[in-house]
Amino acid sequence: MLIPVIMAGGSGTRLWPLSRKLYPKQFHNFGDELTMLQATVRRLAGLPVDKPLLLCNEEHRFLAAEQLRQLGLEEVPILLEPEGRNTAPAIALAALHLLEEGDDPVLLVLAADHRIGDVAAFQAGVRQGLALAEAGKLVTFGIVPQSPETGYGYIQRGEELTGAGFAVRRFVEKPDAATAEDYLAAGDYYWNSGMFMFRAGRYLAELELFQPAMVAACRAALAGKMHDLHFIRVSREDFLACPADSIDYAVMEKTEEAALVPLDAGWCDLGSWSALWETAPRDGQGNVCDGDVLARDTRDCLLMAQSRLLATFGVRDLVVVETKDAVMVADRRRAQEVKALVEALATAERGEHITHREVFRPWGSYDSIDIGGRYQVKRIKVKPGARLSLQMHHHRAEHWIVVSGTAKVTKGDESYLVSENESTFIPLGQVHSLENPGAIPLELIEVQSGSYLGEDDIVRIEDRYGRA
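If you read the sequence shown in the working numbering, its first letter stands for residue 15, the second for the next number, and so on.
Below you can see the structure in the form of structure tokens.
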């Protein structure tokens, strides 16, 4: 049995302002039809795989569940990490959980933030590595390098193995430019992709050999697991006691059983805006444009607009990314340094690195379109059949005006419908709820007024999403 384990953690700070702490890069589509998570799942079609297991942070669980739902995969289990502890413990949790579910499966460990241009080549590589994994090898996929890249770690291959692949001679850190040139010329070095395949039991045995405390902490965390809808929660206290380490450092660099399968499939980990520019289709002037963009006398730029017209004239080698609440302009050749902007925002205690102006919830989303001293205006969208929690506020009252669809409003002991162009009022301190009973999305304008308008002024009394 081959089970994909998809890791959807990480924050993608180098892709700010699109990628943010509460909406990181793996949940964006970057101009494609599917998000990166959805594309990772979709490229498994045609492989002999069972239902995948998704690993993600507690904060991203509803984003992940919604994107899987859009693919018709509501039944996919989602294993939640209370807090990131890097890849080695995350994979250990997945292996332990799947061993409890049945036989010792082969795990295909994938990251949700990789781009792969040649799906057929990717699938051929997976099939090539499967026999090695079934025989007890810990398989890593080495990307055939296309350039002397200094942003990736490298793997040097050893002797050829019977059937397919190579032994691993050594892992090496990200090199300087001259060393990367030497690796490219040597022909036996590969980029470290961060994709793996092995039996669950074999991985745990090797991890226990080198990191017994990590395995013990993961066992304890999983012993206290609870199921909530399709979410699997582990013991927070036990998992936070787990050492943090990557699978490379914890296992792959130490084991005698590592095997390498070369992969030439148009792979990119999309770690920066310059990486997106290099891999995306460009126009005749070398520009990558997405959204409402007007480019004149503009060359070799990445231009993305989410909410308004982005116009450029007489520029080159820039990255310009516009969102509803931020615009970022950078030299494309220094795009790796965007992370420093995120650190500056955090130091200044601003919120633009954490969340977007439009915030997604399990029931839909809200967009804060205007805010003043004692008022805030939001555009609220509620999915068909969805319901906000039964709640109350200590410091604010709310006016709701329905723009489209029909709202079912609960206010105290009464429930009633509010249709298009109708409104209702929720007094301060009133227990209330909002529901979309219809088959089309509900959109309304909410005007809040009061002395304090923060999101933490919500007392949830009842909630179908487990947040009360």
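In this text, a Cβ means the ideal position worked out from N, Cα and C, and glycines have one as well.
Whole-angstrom C-beta distance between residue j and residue i, which should lie under 8 Å
{"i": "R346", "j": "C315", "result": "7 Å"}
{"i": "E187", "j": "G165", "result": "At roughly 11 Å, the Cβ-Cβ gap does not stay under 8 Å, so E187 and G165 are not in contact."}
{"i": "L277", "j": "R171", "result": "Their Cβ separation, rounded to whole angstroms, is 12 Å, which puts L277 and R171 out of contact at 8 Å."}
{"i": "A106", "j": "M21", "result": "Their Cβ separation, rounded to whole angstroms, is 12 Å, which puts A106 and M21 out of contact at 8 Å."}
{"i": "I246", "j": "H407", "result": "Between H407 and I246 the Cβ distance is about 32 Å, and since that is not below 8 Å, they are no contact."}
{"i": "A319", "j": "V307", "result": "6 Å"}
{"i": "I169", "j": "G150", "result": "With 8 Å as the limit, I169 and G150 do not qualify as a contact, their Cβ atoms being about 19 Å apart."}
{"i": "L51", "j": "A78", "result": "7 Å"}
{"i": "G13", "j": "L324", "result": "In the structure as shown, the chain starts at 15 and stops at 482, and residue 13 therefore has no counterpart that could be examined."}
{"i": "E366", "j": "P31", "result": "7 Å"}
{"i": "A214", "j": "A109", "result": "4 Å"}
{"i": "A272", "j": "T154", "result": "6 Å"}
{"i": "D132", "j": "A279", "result": "4 Å"}
{"i": "S403", "j": "A340", "result": "Rounded, the Cβ-Cβ distance is 29 Å, inconsistent with contact."}
{"i": "V158", "j": "Y204", "result": "6 Å"}
{"i": "A194", "j": "E163", "result": "6 Å"}
Distance between residue j and residue i (C-alpha atoms, nearest Å)
{"i": "F317", "j": "I385", "result": "The displayed chain sequence assigns Leu, not Phe, to residue 317. L317 and I385: Cα-Cα distance of roughly 29 Å."}
{"i": "G285", "j": "I475", "result": "41 Å"}
{"i": "R393", "j": "E47", "result": "25 Å"}
{"i": "L218", "j": "E95", "result": "18 Å"}
{"i": "F210", "j": "I17", "result": "12 Å"}
{"i": "K395", "j": "A199", "result": "55 Å"}
{"i": "V248", "j": "K239", "result": "4 Å"}
{"i": "A484", "j": "I368", "result": "Residue 484 lies beyond the residue range present for the chain, which begins at 15 and ends at 482; the question has no answer from this structure."}
{"i": "L243", "j": "R478", "result": "10 Å"}
{"i": "C282", "j": "L29", "result": "14 Å"}
{"i": "G378", "j": "E174", "result": "52 Å"}
{"i": "Q225", "j": "N100", "result": "14 Å"}
{"i": "S25", "j": "C70", "result": "11 Å"}
{"i": "P376", "j": "R184", "result": "45 Å"}
{"i": "L458", "j": "S433", "result": "10 Å"}
{"i": "A104", "j": "S207", "result": "17 Å"}
{"i": "L113", "j": "P119", "result": "7 Å"}
{"i": "A181", "j": "V473", "result": "57 Å"}
{"i": "R322", "j": "A145", "result": "51 Å"}
{"i": "L236", "j": "A230", "result": "10 Å"}
{"i": "W291", "j": "N301", "result": "8 Å"}
{"i": "I440", "j": "V391", "result": "15 Å"}
{"i": "V90", "j": "D331", "result": "42 Å"}
{"i": "A344", "j": "V334", "result": "7 Å"}
Per-residue burial, residue i [other beta carbons within 10 Å of its own, 16 or more giving buried]
{"i": "V417", "result": "exposed"}
{"i": "H409", "result": "exposed"}
{"i": "Y466", "result": "exposed"}
{"i": "R56", "result": "exposed"}
{"i": "T312", "result": "buried"}
{"i": "A453", "result": "exposed"}
{"i": "T27", "result": "buried"}
{"i": "M15", "result": "exposed"}
{"i": "D64", "result": "exposed"}
{"i": "Q160", "result": "exposed"}
{"i": "R129", "result": "buried"}
{"i": "A349", "result": "buried"}
{"i": "E88", "result": "exposed"}
{"i": "P295", "result": "exposed"}
{"i": "P62", "result": "exposed"}
{"i": "D262", "result": "buried"}
{"i": "Y430", "result": "exposed"}
{"i": "S33", "result": "buried"}
{"i": "T176", "result": "exposed"}
{"i": "S437", "result": "exposed"}
{"i": "V356", "result": "buried"}
{"i": "Q84", "result": "exposed"}
{"i": "H370", "result": "buried"}
{"i": "F136", "result": "buried"}
{"i": "G179", "result": "buried"}
{"i": "H446", "result": "buried"}
{"i": "A102", "result": "buried"}
{"i": "E449", "result": "buried"}
Residue i CB to nearest heavy atom of the ligand NAD below 7 Å
{"i": "G172", "result": "This structure lacks the ligand NAD, and indeed carries no ligand of any kind."}
Opposing strand residues paired with residue i [DSSP bridges]
{"i": "E205", "result": "The residue you asked about is not Glu; residue 205 is Trp in the sequence shown. Answer is I157 and Y168, bridged to W205."}
{"i": "R12", "result": "The chain is shown from 15 up to 482; residue 12 falls before or after that span and cannot be answered."}
{"i": "E412", "result": "I440 and Q462"}
{"i": "P276", "result": "G156"}
{"i": "E174", "result": "F180"}
{"i": "L68", "result": "I20 and I92"}
{"i": "A421", "result": "V432"}
{"i": "V473", "result": "M406"}
{"i": "I483", "result": "The structure shown does not extend to residue 483, since the chain is modelled only from 15 through 482, so no value can be given for it."}
{"i": "R213", "result": "V120"}
Entirely enclosed alpha helix (DSSP H) segments - the segment 299-371, minimum 4 residues: 352-361
Uninterrupted alpha helix (DSSP H) stretches inside the segment 89-154 (no shorter than 4 residues): 101-115 and 133-148
4-residue-minimum alpha helix (DSSP H) runs that sit fully inside the segment 216-271, ordered along the chain: 226-237 and 250-254
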